[in-house]
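Line by line, the protein sequences are chains A and B. Under the numbering used here, the first residue of the first sequence carries the number -10, and numbering increases by one thereafter. Under the numbering used here, the first residue of the second sequence carries the number 822, and numbering increases by one thereafter. From the three backbone atoms N, C-alpha and C, an ideal C-beta is built for every residue, glycine too. It should be emphasised that the depicted structure is a prediction, and the values quoted were computed from it without experimental measurement. Notes follow once the structure below has been shown.
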Amino acid sequence: GALVYQYPRRTICKSGTSMRMECQAVGFQATSVAWYRQSPQKTFELIALSTVNSAIKYEQNFTQEKFPISHPNLSFSSMTVLNAYLEDRGLYLCGARGGGAEQFFGPGTRLTVL
Amino acid sequence: QQQVRQSPQSLTVWEGETTILNCSYEDSTFDYFPWYRQFPGKSPALLIAISLVSNKKEDGRFTIFFNKREKKLSLHITDSQPGDSATYFCAASERYAQGLTFGLGTRVSVFP
Chain A
-10 GALVYQYPRR TICKSGTSMR MECQAVGFQA TSVAWYRQSP QKTFELIALS
40 TVNSAIKYEQ NFTQEKFPIS HPNLSFSSMT VLNAYLEDRG LYLCGARGGG
90 AEQFFGPGTR LTVL
Chain B
822 QQQVRQSPQS LTVWEGETTI LNCSYEDSTF DYFPWYRQFP GKSPALLIAI
872 SLVSNKKEDG RFTIFFNKRE KKLSLHITDS QPGDSATYFC AASERYAQGL
922 TFGLGTRVSV FP
C-alpha cells in the first residue's frame, strides 16, 4: 500500500538553530509532495508544493530562504527550518500524491523550539 | 481571508445522534474536497472525499452532501460513537495540481 514516512517524529532545537526533516513515499510513485505546518491550536498551512518537472512553489508567508526544500526525486523530500524561533514550533506534515487526487500524509515531525 | 470555512468551531453530541459538520469555500477552481479526522497528538487521516462530479458521497456512517451552486458541503456522521470524538478538517484543492487548503476544523465530542 501507499505509505509516507517522516523522520524524525519529534525534535527539539534551541532558538536560532536549524533542523532538517525528511519525508519518503513508499509503495507508489509520488507526482507531488507538499509540506504543511500545524501550529498549536491552528489548522494546517501549506508551506510549499513540489510537482514533477516544476520548480518548488512556496506559499505566501513561507520562503525558500527560511524553509529550503531538497528533493533528489519526488519519493524523497527533505525540508530544513532555518533559524527556528518559537513561532516555528508545531507539527510539520508531508503529503504525497500519486496519480490520483488523494494526498497521503506522513505521521509528521513535531518541532519544539526552546 | 479564510478560503475554506468550517462551522461550528466545536460541537457536542450524544452517542447515537447524527453529527453534522459544515464547510464552505470561496475559490471556484477547487474541485476536490477531502475531509480529514485528527485525534489529539496524531496526524490527520483521510476520512472521505468528494469531487465536483458528485452531489453526495457515502462511506459507512459518513456522508458528504455537496451543494455546488452555493459552494457548501456538509459531513454527516450517523450513529455517532465516543470514538468519533476528534477534530474534523474540511480541505479543498484543484484535483491534481495544488496542495490542500484546510479549514480551521471542528472539534467534535461524543458523550455516551
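Taking 9 Å as the threshold, the shortest C-beta distance from A/F17 to chain B does not fall below it.
Between B/F887 and B/S906, the C-beta spacing is not below 9 Å. By the Cβ-count criterion, A/Y74 is exposed, with fewer than 16 other Cβ atoms from all chains shown falling within 10 Å of its own Cβ.
Counting the other CB atoms within 10 Å of its CB gives B/S914 a total of 16 or more, which places it among the buried residues. By the Cβ rule, the region 86 to 101 of chain A does not count as touching the region 889 to 897 of chain B, because fewer than three pairs are nearer than 8 Å. A/M10 and B/S872 have their C-alpha atoms some 32 Å from each other.
Its Cα nearest to that of A/I1, the residue A/V70 stands out among A/V70, A/S66 and A/Y(-6). Ranked by Cα distance from A/H60, the first of A/E54, A/T52 and A/S43 is A/S43. Per DSSP, the continuous beta strand (DSSP E) segment holding B/F886 begins and ends at F883 to N888.
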